[in-house]
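There are 2 protein chains.
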Amino acid sequence: MKGSLFIFNTLTRKKEKFIPINPPFVGMYVCGPTVYNDVHIGNVRTFISFDVLYRYLLHAGYKVRYVRNITDVGHLVNDADHGEDKIAKKARLENLEPMEVVQQYTNSFHFVLQLFNTLPPSIEPTATGHIIEQIEMIETILKNGYAYTKNGSVYFDVEKYSQMHHYGKLSGRITEELIANTRSLEGQEEKKSPLDFALWKNAEPSHIMKWKSPWGIGFPGWHLECSVMSTKYLGETFDIHGGGMDLKFPHHECEIAQSVAAENTEPAKYWIHGNMLTVNGQKMSKSLGNSFTATQLINGTHPMLEKAYEPMSVRFFMLQSHYSSTLDFSNEALQASEKGFRRLVNAITLLETIQPSESGSINTDELEKKCYDAIQDDLNTPILIAHLFDAAKTINLLYDKKEIATKEQIETLKSVFKNFFFDILGLQTETDNNNSDKTNGIMNIILNIRKKARENKDFSTSDFIRDELKKLHIIIKDSKEGALWEYEK
Amino acid sequence: MKGSLFIFNTLTRKKEKFIPINPPFVGMYVCGPTVYNDVHIGNVRTFISFDVLYRYLLHAGYKVRYVRNITDVGHLVNDADHGEDKIAKKARLENLEPMEVVQQYTNSFHFVLQLFNTLPPSIEPTATGHIIEQIEMIETILKNGYAYTKNGSVYFDVEKYSQMHHYGKLSGRITEELIANTRSLEGQEEKKSPLDFALWKNAEPSHIMKWKSPWGIGFPGWHLECSVMSTKYLGETFDIHGGGMDLKFPHHECEIAQSVAAENTEPAKYWIHGNMLTVNGQKMSKSLGNSFTATQLINGTHPMLEKAYEPMSVRFFMLQSHYSSTLDFSNEALQASEKGFRRLVNAITLLETIQPSESGSINTDELEKKCYDAIQDDLNTPILIAHLFDAAKTINLLYDKKEIATKEQIETLKSVFKNFFFDILGLQTETDNNNSDKTNGIMNIILNIRKKARENKDFSTSDFIRDELKKLHIIIKDSKEGALWEYEK
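Right under this line is the structure:
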């Protein structure tokens, strides 16, 4: 493979050449979901963005260890240091054991990500599975003087840390401004400074998810689990840390501070952040009623949705914008993507029927190079898809004999679709599913009847077939090699 | 629902009426897999057996909390107290981090169980997620005098326990005989008696999966996790504990001892054990080359398999024997089950077309009662399936107008299949999948063409359709209501 990946690093605010710390190995950590409700379509976008990065790295031949966690304890409502645990709250409302809530939404998360054809991570560790390791990291941070205990809780001392290190280096936040803008909140009185954050929280007697620790019965702070699990499985410093833009501050800023305080080293070389979704130009929010889950999108069960959308159309739609741009959701935009996706799928089908010529009138090497250039330019999937549309146009011209291609050129076209459409963008065509053989078999019977009818000038039968298939969104294309069927564009 | 469930309790060696401790709640714990290789078809059988129990309990209206664990540490090769951890060994052989092995085989386990249409448990806890709780239980057992420490390990003192309690009450083993039959094994020298088992093992420096404990760096004994996780999520005494027959001793015997030693109470009221698989009359074993995984069975990739088998045919095949009997696997038996399954599926399709009469010549109430009697008699699925075959025969007679049924009787037939075939036995018909609408649409076009052809006495077309569909294993049945298609019996 030619060329190298350049990726925008939030830490340096620059597009940088990707150079792994210990090639061919790449360690990548992505913040996973807090499993207390159905996965939000905005989260799905983030996981699809990092799936494309993971797929690109695998395609490029790296041996990738991809770790994505499951937050099953410690994430408090409003992402604060005080208040109820998100999962425990849901459990209380639904009269369930917290781990039942965790299981239910972990299952639905996996189900949804599978529908969108994302590859599972190499390791999917849970916060509750690493309580001992979290306690150990707190002990080290305390020993190094960057934390203090108060009433059975342990807080990270941001002021102390800032004397030696740069708190705010990832997010660009300035500590003085942050302090000036902090309102006094309930539960903050234990902290020396409002910027301090909990490493361990003392548990009220009513709290369900809690463990013994050197500071009493409690539970870990939300920021800690990612520091512990990323470095446990990827080493003290690893290649890539990713997540949604909303996690940049305070979550990722705190992760850096924790690692530096414990190990005197920053955890990740490249920090990558995916951008947010808007709906009809507005921020998604429960109060605006424009927030929907992945399942609602696929079933078309939200009032804002005109219809149900296929997971692959949605994935394609998301990849038509750059991961670092906001993406606006609308029925119009989704339906336009659906048509575009169908166009590419049809081109892939037609490509199988193209016969080679002695010479070629097209340039497939240039196409291939452009595709690599696009994906290697900070994963520019919209440009990559534009090149695939050009390729589809070429395939239609080849099909109509307005262009010709050599055997080698046809092979290159096929490998472009294999590498980019299937392997890197992670798209699937409908015929990937199990039933395609049977459907093909039945469709061949129909095409045979139609052929015979036309030979016998029985146009009422051939018209009937055409009209009825049209109702099923199936169309027939005639070619020298015989009739072909395809799903409507 | 009439009647009550009677279930064979290994603990009392009797079929007993099932009376939950705290109705309508039922707590059920089933020992899950050790995730270091692809799931064995024998394990799949166990999980399908308990899936039927779970489904029956849900159908009966109980609120069931079903806990099935994932063993991701502590299970040593040969189920012994000495030697390498199964997962760590696999990780070493494949040059992976142990948690990568865990993730890979947990994913494939979930994938396979989903193919077989088993319902996910309410909670699926992991051993590594409960190290603190395991340490706490060991501390209690030590405090109560039923364990001793040696070189950083902690062993359960079976002799001491036997002075006050009955070690062997579940399995019927007699401690004196067990001791007499024990060979001296490496790693046994730390124990006071060869029957003693590890609660905590001191870890060698090379050991990867290890944690701090009051006794030094180590890892929990294999039997402990189930005692800890079952009682954590289901209470000190819960209703049902299940697993494969091979776990009865020592695993389940040790669980009882641990619970009694820690809490002075037995963990479960009903102990249920599923029996093993044989292949062509022989025990499945790697050395005989007759051991295959669920995936090999579904893909037909093991040399012993004549073809690939559909997961639903396999599930049906397994349910045609009683969970507590051994089940012999052979290509002949599987293919016979395939045909039987197809017969039931076809009857379900035909049932939709039956028109009611004013009176009925059949007895559907008796059928329904017999089905409940069968499932309530220790989950007698083979008898239940025999009744469903009788029902299928009746449906064919109704279809051929040799019997008649009232509207009410037809509804009862439908509800028998809904309750027993789908809900309790957990079977699915092929038309449950997504593509069925499209297939139905295309098939309707074919049936219409055939109708027109026959009206026009164009028998060459209608014969062509019949012959070509036959090649796809699709047959057409004519009835007064028009032609119907179905997959071949």
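Chains A and B supply the protein sequences, listed in that same order. Mapping of the first sequence onto numbering that gives the first Met the number 0: residues 0 to 488, in sequence order. Mapping of the second sequence onto numbering that gives the first Met the number 0: residues 0 to 488, in sequence order. Where is the CB? At the ideal position from N, CA and C, for every residue including glycine.
### Task
Might you give, ordered along the chain, the residues of its own chain that have their beta carbon closer than 8 angstroms to the beta carbon of residue 276 of chain A, omitting 5 neighbours on each side?
Locating residue 276 of chain A in the first sequence gives position 277, counting from the first residue. 40, 41, 44, 283, 325, 326, 327, 328, listed in sequence order.
### Query
Helix or strand or just coil, what does DSSP make of residue 311 of chain A?
Taking the first residue of the first sequence as position 1, residue 311 of chain A is located at position 312. It is helical.
### Message
Any C-beta of chain A within less than 8 angstroms: which residues of the stretch 105-124 of chain B qualify?
### Response
106, 109, 119, 120, 121, 122, 123, 124
### Message
Within 10 Å of its beta-carbon, does residue 9 of chain A have 16 or more other beta-carbons around it, so buried, or fewer, so exposed?
### Response
By one-based count along the first sequence, residue 9 of chain A stands at place 10. Buried, since its Cβ has 16 or more Cβ neighbours within 10 Å.
### Query
What are the start and end residues of each continuous alpha helix (DSSP H) run of 4 or more residues lying completely inside the stretch 70-120 of chain B, in chain order?
85-93, 97-114
### Message
Does chain A have any CB closer than 8 angstroms to the CB of residue 210 of chain B?
### Response
By one-based count along the second sequence, residue 210 of chain B stands at place 211. Yes, because at least one Cβ of chain A sits closer than 8 angstroms to the Cβ of residue 210 of chain B.
### Task
Pull up the DSSP beta-bridge partners for residue 65 of chain A, would you.
Position 66 of the first sequence, counted from the first residue, corresponds to residue 65 of chain A. For residue 65 of chain A, which the question treats as bridged, DSSP gives the partners A/27.
### Task
At 8 angstroms on the CB atoms, spell out the chain A contacts of residue 136 of chain B, in chain order.
Along the second sequence, one-based indexing puts residue 136 of chain B at 137. Residues of chain A passing the Cβ test: none, with the nearest at roughly 13 angstroms.
### Task
With 8 angstroms as the threshold, decide whether the Cβ of residue 460 of chain B is near any Cβ in chain A.
Taking the second sequence and counting its residues from 1, one reaches residue 460 of chain B at position 461. Yes, its Cβ sits closer than 8 angstroms to a Cβ of chain A.
### Task
List the DSSP bridge partners of residue 152 of chain B.
Stepping through the second sequence from its first residue, residue 152 of chain B is reached at position 153. Note: residue 152 of chain B sits in a beta bridge opposite B/149.
### Message
Judging by CA-CA distance, which residue of B/32, B/3, B/28 is the nearest neighbour of residue 18 of chain B?
### Response
Numbered from 1 along the second sequence, position 19 holds the residue referred to as residue 18 of chain B. Taking only the C-alpha atoms, the option nearest residue 18 of chain B is B/3.
### Task
Starting from residue 321 of chain A, follow its DSSP beta bridges and name the residues at the other end.
Taking the first sequence and counting its residues from 1, the one referred to as residue 321 of chain A is at position 322. DSSP output for residue 321 of chain A lists no bridge partner at all.
#### Entry: Endpoints, beta strand (DSSP E) assigned at residue 478 of chain B
Position 479 of the second sequence holds residue 478 of chain B. First-last of the beta strand (DSSP E) with residue 478 of chain B: 473-478.
### Any beta strand (DSSP E) of 3 or more consecutive residues that is wholly inside the stretch 5-57 of chain B
5-8, 13-16, 24-29
### Query
Taking residue 25 of chain B as the reference, which of B/306, B/64, B/37 has the closest Cα?
By one-based count along the second sequence, residue 25 of chain B stands at place 26. The candidate whose alpha carbon is nearest that of residue 25 of chain B is B/64.
### Message
Which residues in chain B have a C-beta closer than 8 angstroms to the C-beta of residue 102 of chain A? List them in chain order.
### Response
For the purposes of this step, residue 102 of chain A is taken as the residue at position 103 of the first sequence. By Cβ distance, chain B contributes 119, 120, 121, 122, 123.
### Message
Can you give me the C-alpha to C-alpha distance between residue 78 of chain B and residue 220 of chain A, rounded to a whole angstrom?
### Response
Within the second sequence, numbered from 1, the residue matching residue 78 of chain B stands at position 79. Within the first sequence, numbered from 1, the residue matching residue 220 of chain A stands at position 221. Distance between the alpha carbons of residue 78 of chain B and residue 220 of chain A is about 37 angstroms.
### Message
Which runs of the beta strand (DSSP E) at least 3 residues long sit entirely within the stretch 164-252 of chain B? Give them in chain order.
### Response
196-201, 217-219, 237-243
### Message
Distance cutoff 8 angstroms, beta carbons only. Does residue 28 of chain B sit that close to anything in chain A?
### Response
What you label residue 28 of chain B is simply residue 29 of the second sequence in a count that begins at 1. With 8 angstroms as the cut-off, residue 28 of chain B does not count as an interface residue toward chain A.
### Task
Determine the closest residue to residue 380 of chain B out of B/217, B/38, B/319, B/163, with distance taken between C-alpha atoms.
Within the second sequence, the letter at position 381 stands for residue 380 of chain B. Taking only the C-alpha atoms, the option nearest residue 380 of chain B is B/319.
### Whole-angstrom C-beta distance between residue 390 of chain A and residue 412 of chain A, which should lie under 8 angstroms
In the first sequence, residue 412 of chain A corresponds to position 413, counting from 1. In the first sequence, residue 390 of chain A corresponds to position 391, counting from 1. Correct: roughly 6 angstroms between the Cβ atoms.
### Task
For my contact list, residue 101 of chain B and residue 122 of chain B are in at a C-beta cut-off of 8 angstroms; report their separation, rounded to the angstrom.
Locating residue 101 of chain B in the second sequence gives position 102, counting from the first residue. Locating residue 122 of chain B in the second sequence gives position 123, counting from the first residue. With a Cβ gap of about 17 angstroms, residue 101 of chain B and residue 122 of chain B do not count as contacting.
### Task
Under 8 angstroms between beta-carbons, which chain A residues line up against residue 311 of chain B? List them in chain order, please.
For the purposes of this step, residue 311 of chain B is identified with residue 312 of the second sequence, where counting begins at 1. Residues of chain A passing the Cβ test: none, with the nearest at roughly 13 angstroms.
### Message
Quick check on the burial criterion: 16 or more other C-beta atoms within 10 angstroms. Buried or exposed for residue 264 of chain A?
### Response
Indexing the first sequence from 1 puts residue 264 of chain A at position 265. Result: exposed.
### For residue 485 of chain A, the three-state DSSP class (helix, strand or coil)
Residue mapping note: residue 485 of chain A aligns to position 486 of the first sequence, counting from 1. Of the three classes helix, strand and coil, the one that applies to residue 485 of chain A here is strand, per DSSP.
### Message
Quick check: what's the CA-CA separation for residue 377 of chain B versus residue 300 of chain B?
### Response
Here residue 377 of chain B is taken as the residue at index 378 of the second sequence, counted from 1. Here residue 300 of chain B is taken as the residue at index 301 of the second sequence, counted from 1. The alpha-carbon atoms of residue 377 of chain B and residue 300 of chain B are separated by roughly 35 angstroms.
### Task
Report the three-state DSSP secondary structure of residue 281 of chain A (helix, strand or coil).
Counting from one through the first sequence, the residue named residue 281 of chain A turns up at place 282. In this structure, residue 281 of chain A counts as strand in the three-state DSSP scheme.
### Message
Can you pull out the residues from the stretch 229-244 of chain A whose beta carbon lies closer than 9 angstroms to at least one beta carbon of chain B?
### Response
231, 232
#### Entry: Beta-carbon gap between residue 313 of chain B and residue 164 of chain B smaller than 8 angstroms
Stepping through the second sequence from its first residue, residue 313 of chain B is reached at position 314. Stepping through the second sequence from its first residue, residue 164 of chain B is reached at position 165. No.
#### Entry: Cβ contact (3+ pairs, closer than 8 angstroms) linking the stretch 97-111 of chain B and the stretch 226-245 of chain B
no
### Query
By the criterion of Cβ-Cβ separation under 9 angstroms, what are the contact partners of residue 438 of chain A in chain B?
As a first step, residue 438 of chain A is located in the first sequence; it is residue number 439 there, counting from the start. Residues of chain B passing the Cβ test: 434, 437, 438, 441.
### Message
So, under 8 angstroms CB-CB, residue 218 of chain B and residue 73 of chain B are touching, yes? Tell me the CB distance rounded to an integer number of Å.
### Response
Position 219 of the second sequence, counting from 1, holds the residue named residue 218 of chain B. Position 74 of the second sequence, counting from 1, holds the residue named residue 73 of chain B. Right, the Cβ-Cβ distance comes to about 5 angstroms (below 8 angstroms), so this counts as a contact.
### Task
Label residue 54 of chain A either buried or exposed according to how many other C-beta atoms from any shown protein chain fall within 10 Å of its C-beta, with 16 as the threshold for buried.
Here the question's residue 54 of chain A lines up with position 55 in the first sequence. Buried is the call here.
### Own chain, CB closer than 6 angstroms to residue 137 of chain A, minus 5 neighbours either side, in chain order
The residue labelled residue 137 of chain A in the question sits at position 138 within the first sequence. So the list reads 153, 198, 199, once near-sequence residues are dropped.
### Message
At the level of alpha carbons, what is the spacing between residue 529 of chain B and residue 235 of chain B?
### Response
With chain B covering 0 to 488 only, the question about residue 529 of chain B has no answer from this structure.
### Query
Among the residues of its own chain, which have a CB less than 6 angstroms from the CB of residue 187 of chain A, if the five just before and after it don't count?
Counted from its first residue, the first sequence places residue 187 of chain A at position 188. Excluding sequence neighbours, residue 187 of chain A sits near 193.
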